[in-house]
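From first to last, the protein sequence lines are chains A and B. In terms of this note's numbering, the first sequence has 84 at position 84, counting the first letter as 1, and numbering is strictly consecutive. In terms of this note's numbering, the second sequence has 708 at position 407, counting the first letter as 1, and numbering is strictly consecutive. Each residue gets a CB set at the ideal place from its N, CA and C atoms; glycine is no exception. Worksheet: one structure, shown below.
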Amino acid sequence: MQSYSLTHLQELESEAIYVLREVASQFENPALLFSGGKDSIIVAHMARKAFWPGKIPFPLVHVDTGHNFPETIEFRDNYIKEIGANLIVGSVQQSIDEGKVVEEKGFNASRNALQTVTLLDTIEGHKFDCAMGGARRDEEKARAKERFFSHRDDFGQWDPKNQRPELWNIFNGQKNIGEHFRVFPISNWTEMDVWQYILHEKINIPSIYLAHERDVFVRDSVIMSTTSFIEQRDTEPTIRKKVRFRTIGDATCTGAVESDADSIEKIIEEVAAARTTERGTRSDDKRSEAAMEDRKKAGYF
Amino acid sequence: MDTNSYLDMELLRFSTAGSVDDGKSTLIGRLLYDSKSIFQDQYEAIEESSKRKGDETVNLALLTDGLRAEREQGITIDVAYRYFATPKRKFIIADTPGHIQYTRNMVTGSSTSNLSIILVDARHGVVEQTCRHTFISSLLGIPHVVFCVNKMDLVDYSEEKFEKIKADLEAFSSKLDVQDIHFVPMSALNGDNVVNKSDNMDWYQGSTLMYLLENIHIGSDYNHIDCRFPIQYVVRPKSEKYPDYRGYAGRIAGGVFKPGDEVAVLPSGFTSKIKTIDVMGGSLEEAFAPMSVTMTLEDDIDVSRGDMIVRENNQPNVQQDIDIMICWLNDKKMVSRGKYAIKHTSNDVRCIVKEVKYKININNLHRIEDDKEVTMNDIARISIRTTKPLLYDKYTRNRGTGSLILIDESTNETVGAGMII
Ligand SMILES: Nc1nc2c(ncn2[C@@H]2O[C@H](COP(=O)(O)OP(=O)(O)OP(=O)(O)O)[C@@H](O)[C@H]2O)c(=O)[nH]1
Ligand SMILES: [Mg+2]
Numbered sequence: 001m002q003s004y005s006l007t008h009l010q011e012l013e014s015e016a017i018y019v020l021r022e023v024a025s026q027f028e029n030p031a032l033l034f035s036g037g038k039d040s041i042i043v044a045h046m047a048r049k050a051f052w053p054g055k056i057p058f059p060l061v062h063v064d065t066g067h068n069f070p071e072t073i074e075f076r077d078n079y080i081k082e083i084g085a086n087l088i089v090g091s092v093q094q095s096i097d098e099g100k101v102v103e104e105k106g107f108n109a110s111r112n113a114l115q116t117v118t119l120l121d122t123i124e125g126h127k128f129d130c131a132m133g134g135a136r137r138d139e140e141k142a143r144a145k146e147r148f149f150s151h152r153d154d155f156g157q158w159d160p161k162n163q164r165p166e167l168w169n170i171f172n173g174q175k176n177i178g179e180h181f182r183v184f185p186i187s188n189w190t191e192m193d194v195w196q197y198i199l200h201e202k203i204n205i206p207s208i209y210l211a212h213e214r215d216v217f218v219r220d221s222v223i224m225s226t227t228s229f230i231e232q233r234d235t236e237p238t239i240r241k242k243v244r245f246r247t248i249g250d251a252t253c254t255g256a257v258e259s260d261a262d263s264i265e266k267i268i269e270e271v272a273a274a275r276t277t278e279r280g281t282r283s284d285d286k287r288s289e290a291a292m293e294d295r296k297k298a299g300y301f
Numbered sequence: 302m303d304t305n306s307y308l309d310m311e312l313l314r315f316s317t318a319g320s321v322d323d324g325k326s327t328l329i330g331r332l333l334y335d336s337k338s339i340f341q342d343q344y345e346a347i348e349e350s351s352k353r354k355g356d357e358t359v360n361l362a363l364l365t366d367g368l369r370a371e372r373e374q375g376i377t378i379d380v381a382y383r384y385f386a387t388p389k390r391k392f393i394i395a396d397t398p399g400h401i402q403y404t405r406n407m408v409t410g411s412s413t414s415n416l417s418i419i420l421v422d423a424r425h426g427v428v429e430q431t432c433r434h435t436f437i438s439s440l441l442g443i444p445h446v447v448f449c450v451n452k453m454d455l456v457d458y459s460e461e462k463f464e465k466i467k468a469d470l471e472a473f474s475s476k477l478d479v480q481d482i483h484f485v486p487m488s489a490l491n492g493d494n495v496v497n498k499s500d501n502m503d504w505y506q507g508s509t510l511m512y513l514l515e516n517i518h519i520g521s522d523y524n525h526i527d528c529r530f531p532i533q534y535v536v537r538p539k540s541e542k543y544p545d546y547r548g549y550a551g552r553i554a555g556g557v558f559k560p561g562d563e564v565a566v567l568p569s570g571f572t573s574k575i576k577t578i579d580v581m582g583g584s585l586e587e588a589f590a591p592m593s594v595t596m597t598l599e600d601d602i603d604v605s606r607g608d609m610i611v612r613e614n615n616q617p618n619v620q621q622d623i624d625i626m627i628c629w630l631n632d633k634k635m636v637s638r639g640k641y642a643i644k645h646t647s648n649d650v651r652c653i654v655k656e657v658k659y660k661i662n663i664n665n666l667h668r669i670e671d672d673k674e675v676t677m678n679d680i681a682r683i684s685i686r687t688t689k690p691l692l693y694d695k696y697t698r699n700r701g702t703g704s705l706i707l708i709d710e711s712t713n714e715t716v717g718a719g720m721i722i
């Protein structure tokens with residue numbers, strides 16, 4: 001008999017598309033969180049595939065900290081136009097202006113934690129019953145514990161000690177009024193899988209993932225981009241380096257790495273040789289040992 | 302690693318099992334460490350927390366025990382997923398908890414795996430949880446089992462101890478339906494026979510665990526004989542370019558489909574031919590499990606989510622009275638004559654539990670016929686009647702069309718994992 005088998009990347013893609021279709025079927029008003037980072041880009045790409053030749057049947061939601069790399073926003077707007085999707089922006093600045101959250105002060109101030117409030121407000125405001133995201137289990141030890149369909153109570157909280165069982169690929173999205181789900185279609189992908197997929201599918205990504213000359217400074221041995229959102233200390237002079245970003249988050253807490261990788265092929269070589277995780281450059285994870293778990297319990301992505 | 306070899310890799314999903322403290326998480330940590338799959342910042346982080354706790358050596362279990370409560374109590378509560386690749390294969394690991402209270406999480410982690418690593422503490426030998434997890438693995442249809450007799454360092458690497466435990470395990474599993482069984486004596490703590498061959502056990506001529514993981518023949522875990530396409534979603538763009546397009550989207554649960562195939566749509570039974578099998582930007586000559594595709598049919602018939610496209614001459618069972626083996630996963634016991642919601646492929650139905658036929662005694666696999674109360678962690682054979690017919694195959698024939706879950710309609714919790722007999 002002929003042998004029928006998929007490569008692991010095809011199998012992962014098929015799994016993600018299956019999850020996306022389950023979400024569209026099981027929920028009344030789902031949304032896809034779209035940050036303009038590589039993970040949310042590949043989820044959006046697979047959402048196009050899942051419903052082709054139809055359009056993506058849910059809006060894309062960007063929780064905007066206001067502290068973006070300009071390249072990300074430019075990419076986001078072009079991408080949305082190209083695929084004809086519906087974009088909803090939840091603004092942290094607005095949450096601050098409305099007095100719902102208080103901006104952190106000082107040298108290490110970041111709006112990262114404030115995002116959670118804006119995210120939950122956006123979910124509630126638009127009555128989304130499911131928010132999908134590009135989080136991967138290999139990113140962080142608390143994320144390694146997450147289900148594909150992750151139940152949230154009416155405060156948006158995650159209870160990691162009492163998650164619903166998730167058997168085979170049968171997803172239970174049933175819930176009471178006021179509760180919602182977070183769903184992670186690329187749970188089983190690694191950073192390497194994502195890059196291989198981007199290469200294989202020829203997917204466009206924001207230019208800051210590729211090596212480029214940039215004004216940066218060094219803080220706690222992390223290379224940070226100079227931006228008007230961060231106050232630099234006198235001991236943190238601006239220098240010019242060839243860098244790229246391994247993840248794109250809020251500009252105030254996402255570090256760059258020195259790199260010559262100016263093509264996807266070269267990034268893949270670099271990822272294969274890397275000795276630190278991609279979130280190793282994220283200062284938001286370094287605040288304490290259980291920083292991610294605590295933020296996730298409160299409703300962070 | 303060059304791009305092409307990475308793209309061609311096979312995927313093996315495996316899970317750990319065994320009693321609490323038998324060393325599952327330590328083993329996964331050791332496997333990742335010795336295969337150089339741990340990143341420097343991850344290692345530094347666990348080195349640091351081990352030191353803070355006053356451990357003498359770096360506690361490798363902390364690589365998977367990522368929750369605060371797990372680190373505080375030194376046990377695993379929920380499944381942790383880890384990923385690594387060698388030049389031969391790409392692996393998805395589910396490290397599951399051994400504690401009986403968290404059996405539902407063990408079932409969660411094992412339900413998608415093709416290989417189960419079951420650990421046994423060399424000092425204690427086969428205990429109830431070893432039996433429970435071995436039985437659950439066989440029930441879940443996991444084709445390969447590797448029994449790891451761990452903590453050999455604490456029994457002077459005794460061949461006798463190993464052989465005794467091996468004999469006990471062989472006796473127990475001979476009553477089960479497991480195709481492929483292996484035994485490895487090891488010390489997860491020190492790394493003996495995990496990735497590197499042990500110098501302390503010259504008497505052992507077999508392979509290391511890593512060698513088995515890389516070389517066990519996994520073939521295809523999918524059924525490529527019985528064509529089953531459960532419809533998940535109907536694609537109707539109604540756009541200028543595709544005004545009349547009507548595609549049936551889903552993930553193939555069995556078999557191979559080609560354009561031109563004569564098919565039947567269940568439950569209506571209408572027949573038609575496959576017109577196209579579409580993916581974005583093109584059409585396929587053939588598609589097989591587990592591909593996600595969109596099919597169009599030659600005839601305009603009413604098809605919706607929950608229906609199934611099959612070959613006319615090879616159809617699944619269509620029944621309302623069904624017998625299943627059930628793993629009960631909730632603290633609330635099963636209500637006899639109780640009503641539950643069911644999810645099966647892309648179908649939502651309700652059911653009533655008609656009868657508990659028997660429960661299984663985990664230790665000797667005997668049937669218990671005088672106590673029919675199904676409580677948390679029990680495994681039982683039950684008969685149910687559904688509100689509408691299910692389109693199913695036996696679980697042993699097809700894991701996709703033979704599995705279902707029971708949901709408590711008042712809490713919405715998943716309370717049972719069912720395998721259709
Ligand atoms: N001496 C010795 N100790 C070991 C070995 N493997 C694990 N241990 C110890 O056994 C204890 C339990 O190990 P874990 O890896 O947490 O056990 P587990 O099976 O993951 O436990 P649960 O997940 O809670 O079921 C720890 O103190 C380990 O250091 C071994 O090969 N030899
Ligand atoms: Mg453990």
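A distance below 7 Å separates the beta carbons of Asp335(B) and Val495(B).
By the rule that beta-carbons nearer than 7 Å mark a contact, Leu20(A) does not touch chain B. The beta carbons of Asp250(A) and His67(A) sit about 5 Å from each other, so the pair counts as a contact at 8 Å. According to DSSP, Asp234(A) shares a beta bridge with no other residue. Residue side-chain check: Ser263(A) keeps its Cβ at 6 Å or more from all non-hydrogen atoms of ligand 2. Residue Gly54(A) holds the alpha-carbon nearest to the alpha-carbon of Met581(B) among Glu82(A), Lys175(A), Gly54(A) and Asp220(A). A straight-line Cα-Cα distance of about 15 Å links Val216(A) and Tyr209(A). The contact set of Glu714(B) on chain A, defined by CB atoms closer than 7 Å, consists of Arg164 in chain order. Shortest Cα-Cα distance from Leu368(B) to any of Glu140(A), Leu60(A) and Ile41(A) involves Glu140(A). Between ligand 1 and Ser326(B), a heavy atom-to-CB distance of less than 6 Å is present.
Check the Cα spacing between Ser488(B) and each of Asp649(B), Phe448(B), His667(B) and Phe436(B): the tightest is with Phe448(B). Thr702(B) does not reach chain A, its nearest Cβ partner there being about 11 Å away, counting only Cβ pairs nearer than 8 Å. Between Met46(A) and Ile73(A), the C-beta spacing is not below 7 Å. Under the 8 Å Cβ criterion, the region 582-596 of chain B counts as touching the region 546-559 of chain B, having at least three qualifying pairs.
Membership of Arg246(A) in any alpha helix (DSSP H) is not indicated, and neither H nor E is assigned to it by DSSP. For Ile42(A), the closest alpha carbon among the candidates Met192(A), Glu236(A), Lys241(A) and Arg214(A) is that of Met192(A). Note that the C-beta distance between Val446(B) and Cys628(B) is not below 7 Å.
CA-CA distance, Tyr403(B) to Val23(A), rounds to 27 Å. By the Cβ test, the region 498-510 of chain B is not in contact with the region 522-533 of chain B, since fewer than three Cβ pairs between them sit closer than 8 Å. With its beta carbon at least 7 Å from every one in chain B, Gly84(A) lies outside the interface. CA-to-CA, the gap between Val650(B) and Ile683(B) works out to about 17 Å. Inter-residue distance for Asn665(B) and Leu420(B) is about 19 Å (C-alpha atoms, whole angstroms).
In summary, Asp545(B) is exposed, with fewer than 16 beta-carbon neighbours lying within 10 Å of its beta-carbon over all protein chains present.
Our two residues, Ile519(B) and Asn415(B), have alpha carbons roughly 8 Å apart in a direct line. Beta-bridge pairing by DSSP links Tyr641(B) to Cys652(B). Here the C-alpha atom of Ser221(A) lies approximately 35 Å from the C-alpha atom of Glu201(A). Residue-level contact by beta carbon fails for Thr688(B) and chain A, as no gap is shorter than 7 Å.
For the pair Leu33(A) and Gly90(A), the Cα-to-Cα distance works out to about 10 Å.
Taken atom to atom, the span from the alpha-carbon of Phe148(A) to that of Val183(A) is near 5 Å. Under a 10 Å Cβ-count criterion, Pro237(A) is classified as exposed, with fewer than 16 other Cβ atoms of the shown protein chains found around its own Cβ.
The Cβ-Cβ distance between Ser438(B) and Ser417(B) falls below 7 Å. Beta-bridge annotation (DSSP): Cys528(B) is not paired with any residue. Here Ile627(B) carries a strand assignment [DSSP, helix/strand/coil]. The straight-line gap separating the alpha-carbon atoms of Asn176(A) and Glu710(B) is approximately 10 Å.
Between Ala681(B) and Lys655(B), the C-beta gap is not smaller than 7 Å, which leaves the two residues out of contact.
At the C-beta level, Met596(B) and Pro531(B) stay beyond 7 Å of one another.
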